[in-house]
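Visitor:
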Amino acid sequence: MAAANGRIKRLYARSILSSLSGGASQPFIAVYAAVLGATSSQIGFLHAVNNLAASALQPLWGFLSDKRGSRVRPILYSTLISSLLWVPILVVNDPLFYIALVGAQFIIASVSAPIYTALIGEVVPLAVRSVVMATLNFWGQVGSIISTFSVGFGSLLGLPGYQLGFAIAAVAGVLSALVFWGMKEPHRPKVLSSELTVQYVIEHIIASRQFLRFTIISNVYGFYMSIAWPGFTITMTRVLELSFFEIAILSIVSAVSGLIFSSIGRGVFEKLGDVRSLAYCRASLASLPVVYAYIPSFESLLLIDIVAGMVNAGINISLLLYITRITSVEDRGTFTAVYNLLQGVAFFFGSVVGGQLLQQLEQSMGLADALRITLTISAIGRLVFGLLHNQLSK
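Dropping the structure here:
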């Protein structure tokens with residue numbers, strides 16, 4: 047029991063330090079690329095690599111970790127290396143070099159995400175696992191919010207916001223890696239089932255019509271949703287020319303509204319039903335590109351980000367409820383990994399298309415019209431394919 051308590055304390059420490067690192071850097075990564083002079087297509091590619099690493103590569107890292115039976119060392123080394131990459135990122139001034147470094151960092155950092163989840167399941171006793179997970183999630187979100195606000199406030203005092211945020215991210219990230227220094231690997235057998243092949247997984251998913259239909263609708267929606275992401279960055283930096291503190295505030299209000307709503311809104315979505323709540327929440331995100339396209343101002347972005355934070359909390363709850371309902375315990379891990387992989391691919395292509403479309407349209411008709419067209423396409427796709435979720439089995 048003492049060993050388990052010691053490991054849980056390490057998990058808490060890592061969660062807080064990682065959230066401080068993420069809160070000080072993540073809201074500003076794409077924005078800083080625009081500040082350095084990155085084009086729309088380059089910003090779209092940056093968003094694309096971020097989402098590919100965050101979703102599509104995780105099944106591979108989880109598979110390799112399971113095969114080798116190693117948890118602690120991959121988390122330690124990937125976190126340490128990705129955190130140290132903030133040092134060259136801090137000093138680079140060329141947008142292409144910056145995007146290359148950040149892209150490499152995204153990929154290296156993504157190694158630890160699925161392995162960390164697996165580690166929690168192996169070192170935390172079942173009796174307290176739900177409490178520990180809830181605590182990790184809550185304080186992780188709170189730490190991120192505090193970190194973002196602190197960096198934003200520092201910019202008001204005259205400190206260089208981007209450099210301050212990335213420096214804090216480096217220090218906190220290195221410390222979060224060192225928390226696992228000397229931690230022993232949990233005892234587990236190195237098991238790789240010969241039956242779990244790619245062909246088996248594909249055939250199994252095709253046979254599950256509910257999951258297949260959900261995945262198709264969800265990923266087409268994800269493609270249209272991510273088309274808008276480069277436009278959001280360009281609107282904040284080149285159209286509105288928001289200050290560092292204003293960008294921090296937008297991130298904070300979205301996170302706070304999501305945190306509050308996720309704690310009080312679960313009962314609402316359970317009564318409404320997972321399918322309808324997922325459809326209405328995803329369709330309502332069409333309002334986000336509409337506001338950015340047609341009424342861009344700091345005040346309007348502030349209001350719509352509050353709404354987006356609440357809606358995204360609803361989507362997360364609804365997704366969990368729906369996937370839990372349509373998958374069995376035996377298949378859930380595999381199906382969730384495949385869903386995340388395909389979402390990452392959809393986000394990748396959507397971000398690339400959005401950035402390239404915005405850049406091509408800008409050359410022929412100017413930035414304002416290019417943004418309106420690109421963001422309107424995203425809004426229509428979000429609305430149509432969001433509402434199509436109503437066709438899923440209830």
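The opening position of the sequence shown corresponds to residue 47 in this note's numbering, with each subsequent residue numbered one higher. Here a beta-carbon is modelled for each residue, glycine too, at the ideal position from N, C-alpha and C.
If you count every other CB in all the chains shown that lies within 10 Å of the CB of Leu203, and 16 or more means buried, which is it?
Guide: By the 10 Å Cβ count, Leu203 comes out exposed.
Visitor: Reducing DSSP to helix, strand and coil, say where Asn358 ends up.
Guide: Note: Asn358 maps to helix in three-state DSSP.
Visitor: How many Å lie between Val430 and Thr422 at the Cα?
Guide: Answer to the nearest angstrom: the Cα atoms are 12 Å apart.
Visitor: Please state whether the Cβ-Cβ distance between Gly401 and Pro232 is less than 8 Å.
Guide: Going by C-beta atoms, Gly401 is not nearer than 8 Å to Pro232.
Visitor: So what does DSSP say about Glu231, is it helix, strand or coil?
Guide: Three-state DSSP puts Glu231 in coil, outside helix and strand.
Visitor: Please state the DSSP three-state secondary structure of Thr420.
Guide: Note: Thr420 maps to helix in three-state DSSP.
Visitor: Out of curiosity, what's the CA-to-CA distance linking Tyr144 and Ile135?
Guide: In a straight line, the C-alpha of Tyr144 is about 6 Å away from that of Ile135.
Visitor: For Leu286, does the three-state DSSP call read helix, strand or coil?
Guide: Note: Leu286 maps to coil in three-state DSSP.
Visitor: Could you compute how far the alpha carbon of Arg284 sits from the alpha carbon of Pro342?
Guide: Approximately 12 Å between the Cα atoms of the pair.
Visitor: My output table needs one value for Thr281: the three-state DSSP class, helix, strand or coil.
Guide: Helix, per DSSP.
Visitor: Please confirm whether Gly219 and Ser129 have their CB atoms less than 8 Å apart.
Guide: Result yes, Cβ atoms of Gly219 and Ser129 sit closer than 8 Å.
Visitor: Determine the burial state of Asn97: buried for a count of at least 16 other Cβ atoms within 10 Å of its Cβ, exposed for fewer.
Guide: With 16 or more Cβ atoms within 10 Å of its Cβ, Asn97 is classed as buried.
Visitor: Enumerate in chain order the residues of its own chain whose CB-to-CB distance from Glu337 is below 6 Å, with the five nearest sequence positions on each side excluded.
Guide: Checking the sequence shown, residue 337 turns out to be Val, not Glu. Hits under 6 Å: Ser346 and Ile350.
Visitor: Is it buried or exposed, Ala180, if we count other Cβ atoms within 10 angstroms and call 16 or more buried?
Guide: Under this definition Ala180 is an exposed residue.
Visitor: Could you give the residue range of the alpha helix (DSSP H) that holds Gln437?
Guide: No alpha helix (DSSP H) holds Gln437; DSSP gives it neither H nor E.
Visitor: Taking all protein chains shown into account, decide if Met47 is buried (16 or more other Cβ within 10 angstroms of its Cβ) or exposed.
Guide: With a pLDDT of 49 at Met47, under the threshold of 50, the modelled position of this residue cannot be trusted; read the value that follows with caution. It is exposed - the Cβ of Met47 has fewer than 16 other Cβ atoms within 10 Å.
Visitor: Just how far apart, CA to CA, sit Gln72 and Ser86?
Guide: About 19 Å.
Visitor: Just the C-alpha distance for Ser196 and Val170, rounded to the nearest angstrom, thanks.
Guide: Cα-Cα distance, rounded: 32 Å.
Visitor: Going by Cα to Cα distance, which pick from Phe226, Gly412 and Arg117 is closest to Lys55?
Guide: Considering only alpha carbons, the answer is Phe226.
Visitor: Going by beta carbon distance, what residues of the same chain come within less than 6 Å of Asn358, once the five residues before and after it are set aside?
Guide: Excluding positions up to five away in sequence, the list reads Gly304.
Visitor: Can you tell me whether Asp320 is helix, strand or coil according to DSSP?
Guide: Helix, per DSSP.
Visitor: Whole angstroms are fine: how far does the CA of Ala294 sit from the CA of Phe307?
Guide: Taking the straight line joining both Cα atoms gives about 20 Å.
Visitor: Can you grab the Cα-Cα spacing for the pair Phe394 / Gln104, in whole Å?
Guide: Whole-angstrom Cα-Cα distance: 14 Å.
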